[in-house]
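Q: Dropping the structure in here first, questions after.
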Amino acid sequence: MCDPVSMAVANFGIKAVGAYSEYQGQKKAAQAQAAANDRAARDANIAYGEDLTRLEAERIVANEKSAREKFQAKRDKLDALATAQANAGEGKGDLIGMLRDVGFDADLDTNIIDAGIDASNQQVAFGRDDAYAAMRRTIAGLPPVQPPSKLGLMLQIGSAGVESRSKYKKGDYGKV
């Protein structure tokens, strides 16, 4: 049978090495979780930037379309005014009434187009807010990193020492 002192030391050594190994495993797991969280946060930021780029591109396309519509409405107004002036000159109607009607219709079309631009820009602003909120939710939802406790390691090693000494004193390792 082995020497009781050797058994006590071996018991302590095995428990201390086991505690240290567990600590190292927890430390590596915490580092891996921190790295995964960093990657996820970077990816969320990239996705946010891509969302903003897409929203801005959509806004530009919508505004260009609206600008073309406004230009066409203005052109139609000028054509209608020219026609109204020509018709009034030929005695086919009241010039002031015709000009007023053409101006009213054209201004109404322009106002409708402008309202569409405003609504489009407001939707982009809402989209930005939604994209930011999605990024923040992603980052806030990442699991917290729990690094292992050095104090816990020290307590486990100390406990192993106390246990080995206690067993040695009780004679659990054989005759003293």
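Residues in the sequence shown are numbered consecutively from 1, following our numbering. Using N, Cα and C, we set each Cβ at its ideal position, and we do this for glycine too. Since this is a predicted model, take the numbers as computed values, not measurements.
1. Let me make sure I understand the geometry here. Which of K77, D76, I113 has the alpha-carbon closest to that of A62?
2. Rounded to the nearest angstrom, what separates S160 and D51 at their Cα positions?
3. Taking 7 Å as the cut-off, is the C-beta of G127 nearer than that to any heavy atom in the ligand SAH?
4. From Q123 to R137, what distance separates their C-alpha atoms?
5. Take P143 as the anchor and find which of N37, N111, K169 has the nearest alpha-carbon.
6. Under a Cβ-count criterion, where at least 16 other Cβ atoms within 10 Å of its own Cβ denotes burial, should M154 be classed as buried or exposed?
7. Considering only residues of the same chain and omitting the five flanking positions on each side of A8, which have a CB-CB separation below 8 Å?
8. Quick check on the DSSP output: the alpha helix (DSSP H) that includes S164 runs from which residue to which?
9. Report the rounded CA-to-CA distance for Q85 versus F71, giving the unit in angstroms.
10. Quick check: Q26 and V145, are their CB atoms within less than 8 Å of each other?
11. Which residue wins for smallest C-alpha separation from S149, given the options N11, K28, D76?
12. Please state the DSSP three-state secondary structure of P147.
13. Nearest to Y20 by CA position, among G116, G158, Y132, R128, is which residue?
14. Which word fits M1, buried or exposed, when buried means at least 16 other C-beta atoms lie within 10 angstroms of its C-beta?
15. For Q31, I'd like the list of residues in its chain whose CB is within less than 8 Å of its CB, leaving aside the five on either flank, ordered along the chain.
16. Could you check the C-alpha separation between N45 and M135 for me, to the nearest Å?
17. Could you check which residue in A131, A40, A140, N111 has the C-alpha nearest to that of T53?
18. Enumerate in chain order the residues of its own chain whose CB-to-CB distance from A47 is below 6 Å, with the five nearest sequence positions on each side excluded.
A: Looking at the atomic coordinates:
1. I113
2. One point to set straight first is that residue 160 is Ala, not Ser, in the sequence displayed. Their backbone Cα atoms lie some 55 Å apart in a straight line.
3. This structure lacks the ligand SAH, and indeed carries no ligand of any kind.
4. 21 Å
5. N37
6. exposed
7. S164, R165, K167, Y168, Y173
8. 150-170
9. 21 Å
10. no
11. K28
12. coil
13. G158
14. In this prediction, M1 has a pLDDT of 49, which is less than 50 and means its spatial position is unreliable; what the coordinates show is noted afterwards. It counts as exposed.
15. none
16. 7 Å
17. A131
18. none
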